[in-house]
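Encoded structure:
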């Protein structure tokens, strides 16, 4: 049986409200912690070669993604930068990016002098669709990037067909979607390149890390050369014509550490078990919340599974509920639940995309305004996020506390609504 380092602590709640126990994430089994200690004692906290720890995490992702070439890096953001670099994205190129995504899907393009073209949501889950992407394609479009938001797979068959129609490479940002599938296939196997974050609060986490997956060996090689100079690239670059670049690399030093690789691999090996537990916990919580009129689960698309539910996100129809989205967030927080507005907010509302950044720093022409991407704005105004990692395989006491807190929060809102009538 897997054992975990103890780290349970009660959260605070106000006015005698339900106390909810929280369980820290990421958590690691004793075997992995022992391997980390061994690496530290041996001074192997870095690796300029392609050592066994790096090879293991890459092989785990390769096997889970139909044999794709894998490169482990120090973050998902670095993996996205390497993906855009591998595709030759450069100054003036446009890349189609979802408006609803984490900022790192777009921000590496600034470093390359490229233009992120934000696309509106086209599905109830907040993902882009082939239609919302198509209307943004121009002769300057260099690539398409798609995020599987909150673990909900985007409609990849239609999007891949659009990419082929226009001769555009397709990148999947799977950072929210460990374990998600569509039509029996893992996300990350539909595009030319895919990127995972294996850091922070992700279901597979080494503290900090990322993985790039490539269908084409050349893309693998270019990503490897950007992230690792000398030994690592000399050992793993496939094309002998590119291997000569390994001596100096391509200007980056984006290596994952052996410690991060070991910790992430401990989760990746157990991914089916972790996904199953997260699904049970998320479903139990959503079933308590959505019994109330106007509190609605985001629909799961036909043929899709939502994997690790990076954030458990649901919607509030304020007219049906009789209270506002913000009322519910405040009530859940008062009862100790980590509720809030989803952090993947519409990017076009951020100051940098509104053209308010210093032009001598950011040379990319942008000038979005509120209302430019109305579907993304409307969806985000309805959504509530419960911090998903707190539901990563908690003990029954943790889940029971979540359920009791959700019941109490909704009961309080219902009582308040009745008193106002």
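Residue numbers (full-length UniProt numbering): 1 to 421. All C-beta atoms in this analysis are idealised placements derived from N, C-alpha and C, irrespective of residue type, glycine included.
For this session: Tell whether a beta-carbon distance below 8 Å holds between residue 377 and residue 346.
Result: Counting from 1 along the chain shown, the entry for residue 377 is found at position 377. Counting from 1 along the chain shown, the entry for residue 346 is found at position 346. A contact, by the Cβ cut-off of 8 Å.
For this session: May I ask you to report which of helix, strand or coil DSSP gives residue 101?
Result: Here residue 101 corresponds to residue number 101 of the chain shown, with the count starting at 1. DSSP places residue 101 outside both helix and strand once states are collapsed to three, so it counts as coil.
Problem set entry | residue 158 and residue 205 closer than 8 Å at C-beta | By 1-based counting over the chain shown, the position of residue 158 is 158. By 1-based counting over the chain shown, the position of residue 205 is 205. For residue 158 and residue 205, no; Cβs fall outside 8 Å.
For this session: Go through the stretch 311-367 residue by residue and report every complete run of the beta strand (DSSP E) that reaches 3 residues or more, in order.
Result: At a cut-off of 3 residues, the continuous stretches assigned as beta strand (DSSP E) that sit fully inside the stretch 311-367 are 312-316.
Exercise. Fully enclosed by the stretch 66-150, which alpha helix (DSSP H) runs are 4 residues long or longer?
Worked result: 76-86, 108-111 and 130-134, all fully within the stretch 66-150.
Exercise. Can you name, in chain order, every residue of its own chain whose Cβ lies under 7 Å from the Cβ of residue 51, other than the five neighbours on each side?
Worked result: The residue labelled residue 51 in the question sits at position 51 within the chain shown. 258, listed in sequence order.
Problem set entry | Option in 79, 164 and 31 with minimal Cα separation from residue 227 | The residue labelled residue 227 in the question sits at position 227 within the chain shown. For the residues 79, 164 and 31, the minimum Cα distance to residue 227 belongs to 79.
For this session: Could you tell me the distance, in whole angstroms, from the CA atom of residue 25 to the CA atom of residue 67?
Result: Here residue 25 corresponds to residue number 25 of the chain shown, with the count starting at 1. Here residue 67 corresponds to residue number 67 of the chain shown, with the count starting at 1. Their Cα atoms are separated by approximately 29 Å.
Exercise. Between which two residues does the alpha helix (DSSP H) containing residue 375 stretch?
Worked result: Against the chain shown, residue 375 aligns to sequence position 375. Residues 374-382.
Exercise. When the distance is taken between beta carbons, is residue 83 closer than 8 Å to residue 212?
Worked result: Against the chain shown, residue 212 aligns to sequence position 212. Against the chain shown, residue 83 aligns to sequence position 83. A contact, by the Cβ cut-off of 8 Å.
Problem set entry | Bounding residues of the beta strand (DSSP E) (the contiguous stretch that carries residue 296) | In the chain shown, the residue the question calls residue 296 occupies position 296. Counting along the chain, the beta strand (DSSP E) containing residue 296 begins and ends at 295-297.
Exercise. Thinking C-beta only, is residue 143 closer than 8 Å to residue 89?
Worked result: Numbered from 1 along the chain shown, position 89 holds the residue referred to as residue 89. Numbered from 1 along the chain shown, position 143 holds the residue referred to as residue 143. Their beta carbons are under 8 Å apart, which means residue 89 touches residue 143 by this criterion.
Problem set entry | Every unbroken beta strand (DSSP E) inside the stretch 179-221 [3 residues or more] | Within the stretch 179-221, the complete beta strand (DSSP E) runs of at least 3 residues are 193-197 and 210-214.
Problem set entry | DSSP state of residue 34 mapped onto helix, strand, coil | Position 34 of the chain shown, counting from 1, holds the residue named residue 34. Three-state result, residue 34: helix.
Exercise. Is there contact between the stretch 116-131 and the stretch 274-286, where contact requires at least three CB pairs shorter than 8 Å?
Worked result: The count of Cβ pairs closer than 8 Å, one atom from the stretch 116-131 and one from the stretch 274-286, stays below three, leaving the stretches out of contact.
Problem set entry | Per-residue DSSP class, three states only, for residue 22 | As a working mapping, residue 22 is identified with position 22 in the chain shown. Looking at residue 22 - three-state DSSP - the assignment turns out to be strand.
Exercise. Going by DSSP, which residues form a beta bridge with residue 385?
Worked result: If you number the chain shown from 1, residue 385 lands on position 385. Per DSSP, the beta-bridge partners of residue 385 are 313 and 340.
Exercise. Is it right to say residue 150 is buried, meaning 16 or more other beta carbons lie within 10 angstroms of its own, or is it exposed?
Worked result: On the chain shown, position 150 is the one that residue 150 refers to. When all chains shown are included, residue 150 counts as buried.
Problem set entry | Other residues of its chain near residue 225: CB distance less than 8 Å, five sequence neighbours each side excluded | In the chain shown, the residue the question calls residue 225 occupies position 225. Contacts found: 233, 237, 242, 245, 246, 249 and 250.
Problem set entry | Cβ distance (whole Å) where residue 45 is taken to contact residue 98 below 8 Å | For the purposes of this step, residue 45 is identified with residue 45 of the chain shown, where counting begins at 1. For the purposes of this step, residue 98 is identified with residue 98 of the chain shown, where counting begins at 1. About 36 Å; that fails the 8 Å criterion.
For this session: Under 8 Å Cβ to Cβ from residue 253, same chain only, skipping five residues before and after it: list those, please.
Result: By one-based count along the chain shown, residue 253 stands at place 253. If we look at residue 253 and ignore the five residues flanking it on each side, its Cβ neighbours are 227, 228 and 229.
Problem set entry | Strand pairing of residue 304, partner residues [DSSP] | By one-based count along the chain shown, residue 304 stands at place 304. Residue 304 is bridged by DSSP to 182.
For this session: Determine, using beta-carbon pairs with one atom in the stretch 310-321 and one in the stretch 288-301, whether at least three such pairs fall under 8 Å.
Result: Three or more Cβ pairs drawn from the stretch 310-321 and the stretch 288-301 lie within less than 8 Å of each other, which places the two stretches in contact.
Exercise. According to DSSP, what are the bridge partners of residue 170?
Worked result: As a working mapping, residue 170 is identified with position 170 in the chain shown. DSSP output for residue 170 lists 144 as bridge partner(s).
Problem set entry | Same chain, Cβ closer than 7 Å to residue 216, five either side skipped, listed in chain order | One-based indexing of the chain shown puts residue 216 at position 216. Correct list, in chain order: 192.
Exercise. With which residues is residue 255 paired in a DSSP beta bridge?
Worked result: As a working mapping, residue 255 is identified with position 255 in the chain shown. For residue 255, the beta-bridge partners assigned by DSSP are 73.
Exercise. Are the CB atoms of residue 261 and residue 53 nearer to each other than 8 Å?
Worked result: The residue given as residue 261 occupies position 261 in the chain shown. The residue given as residue 53 occupies position 53 in the chain shown. Taking a C-beta distance under 8 Å as the contact criterion, residue 261 and residue 53 qualify as a contact pair.
Exercise. What's the gap between the Cα of residue 92 and the Cα of residue 356?
Worked result: Stepping through the chain shown from its first residue, residue 92 is reached at position 92. Stepping through the chain shown from its first residue, residue 356 is reached at position 356. Residue 92 and residue 356: Cα-Cα distance of roughly 19 Å.
Problem set entry | Spatial distance of residue 86 from residue 210 (CA atoms) | By one-based count along the chain shown, residue 86 stands at place 86. By one-based count along the chain shown, residue 210 stands at place 210. The alpha-carbon atoms of residue 86 and residue 210 are separated by roughly 16 Å.
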